[in-house]
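Chemist: Note that the numbering used here gives residue 346 to position 246 of the sequence shown, counting from 1, and the numbers run on in steps of one.
Note that the Cβ used here is the ideal one computed from N, Cα and C, for glycine as well.
There's a structure below that I have some questions on.
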Amino acid sequence: MKTTNPAEWKGILVVGEINNCRVQPVTLELIGKARELKASCPAVGDTAVVLIGSGLESAAAEVASSGVDEAILVDHAETALFNNDLYAAVLQELITARKPSVVLFPATARMQDLASMLGIRVDTGVAAHCVDVRINEKAEILAVVPAFGGKVLGDILCPGHRPQMATVKPGVFRASLAETASKAKVTAFDAAVVLQAKKKTSRLLALDNSVCAMPAGIPVEAAPVVVCGGWGMGSRENWQLLEELAALLGGAVGCTRPAVDEGWVEGESRMIGTSGKIVRPKVYIGAALSGSSHHVCGMKDSGLIISINSDEKAPIFEVSDIRVVGDAKQILSGLIEKIRRIRSGK
């Protein structure tokens, strides 16, 4: 909303994401960032997280012990199923009543859509896919977003509108850990407001569960081991070496943008970097990728970084713990064979 008095807007609101009644890790990550922003600029106000769904008792207990000041629950049969239109209407009512200065969303597929819809409803901008969020002495948010394919990072400022809204990629921030045993204040959102909000939305005529299936395998951002390949793999056939190695190590395969463009990987769900996922596996193995800055931003905090590249001056080696100079295809083939021999006892 356009405002001439931003000081009227106080507080940082995190819109939590829940899946199967479980709080998603990115919610705790955003709570951690909200607490950090408050510590940097107390004038911004208290922190709060809103959870929308049904049967939220266990989820409420989890966020209440995260160090957030308040947990707001929208626990209603009407909000049991995720519905962009209804959730946006509920959040509009909440924002109108509370006037938070900052609203943070996870930059996941459905929450990104929700943030966009809410931005239209409350007439404010949304800084999307942020890789960092900072705050100045005026309690103004500086949202850091990648541009030009991740080669440039820009600051987005929204001085004339409130709330200031941003979506942040999972894995960018550390999860919130409370320093004390104190619990957050838990507030139930008025059910009548939910029903009032429903009148302003479209109706759900049918739900096709067949389109709700999750992709097979471990999500790349949750895998303990990530095997990531780049354009240097050369072909879809060679790409199978990465799949084989990841399967042997109980991990997931990641990729860079060129692998998506070549069609070796379907979609962008496994792409790592400022324009993809942020990962922190225990072990990251990068094969046949140069190590551009926008890719390195997505994996530099991995526990152990192993890189394979035929170019001894490849930028990826600058952030690697173990550097292997050579043909990635030959090295991967040999590694796979060695692991299989060891496991077979030969």
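Mind pulling the beta strand (DSSP E) runs of 3 or more residues that sit fully within the segment 379 to 406?
Modeler: Complete beta strand (DSSP E) runs here, min 3: 383 to 387.
Chemist: Determine, using beta carbons only, whether A493 and V123 come nearer to each other than 8 Å.
Modeler: Residue 493 lies beyond the residue range present for the chain, which begins at 101 and ends at 446; the question has no answer from this structure.
Chemist: Contact check, L204 vs V114 under 8 Å by CB: the rounded distance?
Modeler: Indeed they touch by this definition, with Cβ atoms about 5 Å apart.
Chemist: I'd like the ranges of any alpha helix (DSSP H) spanning at least 4 consecutive residues and lying wholly in the segment 157 to 194.
Modeler: The qualifying runs are 157 to 164.
Chemist: Can you name the start and end residues of the beta strand (DSSP E) that M101 belongs to?
Modeler: Where M101 is concerned, there is no enclosing beta strand (DSSP E), given that its DSSP letter is neither H nor E.
Chemist: Which whole runs of the beta strand (DSSP E) in the segment 319 to 389 are 3 residues long or more, in chain order?
Modeler: 325 to 329, 352 to 355 and 383 to 387, all fully within the segment 319 to 389.
Chemist: Say whether the segment 345 to 363 touches the segment 371 to 383, bearing in mind that this needs 3 or more beta-carbon pairs closer than 8 Å, one atom from each stretch.
Modeler: Judged by Cβ distances under 8 Å, the segment 345 to 363 makes contact with the segment 371 to 383, as three or more pairs qualify.
Chemist: Can you look up R234 in the DSSP assignment and give me helix, strand or coil?
Modeler: Strand at R234.
Chemist: Could you give the C-beta distance for S410 and D427, rounded to a whole number, given that I count them as a contact under 8 Å?
Modeler: Sure, about 6 Å apart at Cβ, within 8 Å.
Chemist: State the start and end residues of the unbroken beta strand (DSSP E) segment that holds R62.
Modeler: The question about residue 62 has no answer, for the chain in this structure spans 101 to 446.
Chemist: Determine the direct distance from the alpha carbon of R380 to that of A387, and round the result to whole angstroms.
Modeler: Distance between the alpha carbons of A387 and R380: 17 Å.
Chemist: Identify which residue in M211, N183, K199 and L137 has its Cα closest to the Cα of D232.
Modeler: When each option's Cα is compared against that of D232, the closest is L137.
Chemist: So, at 8 Å on beta carbons, what are the nonlocal neighbours of G219 in its own chain, with the 5 sequence-adjacent residues on each side left out?
Modeler: Hits under 8 Å: G225, V226 and M265.
Chemist: Between G129 and A347, which are expected to be in contact by the criterion C-beta below 8 Å, what is the C-beta distance as a whole number of angstroms?
Modeler: Going by the sequence as given, residue 129 is Glu instead of Gly. Not a contact, Cβ separation roughly 28 Å.
Chemist: Rounded to the nearest angstrom, what separates C397 and N338 at their Cα positions?
Modeler: Whole-angstrom Cα-Cα distance: 26 Å.
Chemist: Give the straight-line distance between the Cα atoms of V325 and S154, rounded to the nearest whole angstrom.
Modeler: Going by the C-alpha atoms only, they are around 34 Å apart.
Chemist: Give me the Cα-Cα distance between I112 and I131, rounded to the nearest whole angstrom.
Modeler: Roughly 9 Å between the two C-alpha positions.
Chemist: Is it right to say V144 is buried, meaning 16 or more other beta carbons lie within 10 angstroms of its own, or is it exposed?
Modeler: Answer is buried; the Cβ neighbour count reaches 16.
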